[in-house]
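Taking our numbering, the leading residue of the sequence shown gets 2, the next gets one more, and so forth. Each residue gets a CB set at the ideal place from its N, CA and C atoms; glycine is no exception.
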Amino acid sequence: MIDPVVLFFLFGLLARLANSDLRLPEALYEALSIYLLLAIGLKGGTQLAQQPLASVLPQALAAVALGATIPLLLFPLLTRLGRLARADAASIAAHYGSVSVVTFAVALSVLSQHRLAAEPYMPLLVALMEAPGIVTGIVLARIGGPQRIAWGALAHEVVFGKSVLLLLGGLAIGALAGPGGLKSIEPLFIDLFKGVLAVFLLEMGLVAGARLGDLKRAGPFLVLFGVLAPLALGALGAVVGRLIGLSVGGTALLATLAASASYIAAPTAMRIAVPEANPALSIGVALGVTFPFNITVGIPVYLQYARWLAG
């Protein structure tokens, strides 16, 4: 049975490809994204409150290292096989080194459908994996170049940008309040989560359909890259998850994070640090190819990776 949230995404994608005038108001899109980020953070925070933070340190360090390493693996492929300019290759690599919170939310929904639990600190790993890949990508773009990076402005944008700030804020509120303290708002942030995610994915289907045209100038290489890269990165994430002792659910989530590509934090950061990179290429492949692939095909594959590794 296909998860309903995936069907909402496909509905939006088909509506856009059919040139429908269906649109969600911009203010509603912003409100839904804020809700999802806060809800993920709150849920993780309440569960994080029940265990010592020090016990999460090895997993947190592994997640940060994974995010920082991914651009180093992808950059040579993009420059040599794809023959992309250094700035464009570094920008795309940075997008894949960072993560997609919406893809993570869909993976949570899939785990729930399969009645699989995951470690309570996984939302913390989402927040930690936002920035390392972006920093690595910027360094790759600037090695040997004369341009200077405004690290202060960049750090502020990454740390206090909407996605990271809302995730960390939700985690902090959930951890301080604890499971009992959030009982009064559970109907909003827990019970309605999947319904709100479905509406958000309807809009993401519309947006993804609009981005498909950006790839025409890139040729078939980036389309192929947008499918094969997440499969390989998902396998890498699953292996790392298994090595650091995650459960099947946790391993599947880490594999999904490794396979996902950012289209919120990374575009903003790269616009500041690497303005010469063409955003149509990076956003086009991340949102036009990898995001739909992960939502419809990739997440079940990453869950299967986790099951295979667990024996």
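Taking Ile300 as the centre and dropping the five residues before and after it, the same chain places the C-beta of Val107, Ala108, Val111 and Thr257 closer than 7 Å to its C-beta, in chain order. Just measuring C-alpha positions, the residue of Phe9, Leu74 and Leu183 sitting nearest Ala50 is Leu183.
Annotated three-state conformation of His115 is coil, per DSSP.
Note on geometry: alpha-carbon atoms of Met205 and Met130 lie some 22 Å from one another. A residue is called buried when at least 16 other Cβ atoms come within 10 angstroms of its Cβ; Asp4 meets this threshold and is buried. Counting along the chain, Tyr97 sits inside the alpha helix (DSSP H) bounded by residues Arg87 to Gly98. When Cβ pairs closer than 8 Å are counted between the two stretches, the stretch 17–36 is seen to touch the stretch 193–210, the count reaching three or more.
By the CB criterion at 8 Å, Phe292 and Leu33 fall outside the cutoff. In its chain, beyond the 5 residues on either side, Leu79, Ala278, Asn279, Leu282 and Ser283 have a beta carbon closer than 8 Å to the beta carbon of Asp89.
Residue range Ile300 to Ala311 is occupied by the alpha helix (DSSP H) that includes Pro301. The stretch 41–57 makes no contact with the stretch 230–241: fewer than 3 CB pairs, one atom from each, lie closer than 8 Å. Runs of the alpha helix (DSSP H) spanning 4 or more residues and lying entirely within the stretch 191–277 occur at 194–212, 221–244, 249–260 and 266–274, in chain order. Annotation: the continuous alpha helix (DSSP H) that includes Arg17 extends over Pro5 to Leu18. In the structure shown, Ser56 falls within a helical segment according to DSSP collapsed to helix, strand and coil. A distance below 8 Å between beta-carbons, with the five flanking residues on each side excluded, links Ala199 to the following residues of its chain, in chain order: Pro5, Val6 and Phe9.
An exposed status is given to His157, since fewer than 16 other beta-carbon atoms sit within 10 Å of its beta-carbon.
Looking at the backbone, the Cα of Ala69 and that of Leu29 are separated by about 33 Å. In this structure Ser99 is buried. Its beta-carbon is surrounded by 16 or more other beta-carbon atoms within 10 angstroms. Leaving aside the five residues that flank Val240 on each side, the residues in its chain whose CB is nearer than 8 Å to its CB run, in chain order, Leu310. Burial check for Ala259: the Cβ neighbour count within 10 Å reaches 16 or more, so the residue is buried.
In this structure, the alpha-carbon of Tyr122 lies about 26 Å from that of Leu74. Going by beta carbons, Gly171 and Leu39 fall inside the 8 Å limit. Residue nearest to Val249 within the set Phe76, Glu120 and Gly153 is Glu120 (criterion: CA-CA distance).
Closest in alpha carbon position to Leu189, among Val275, Gly246, Lys44 and Gly214, is Lys44.
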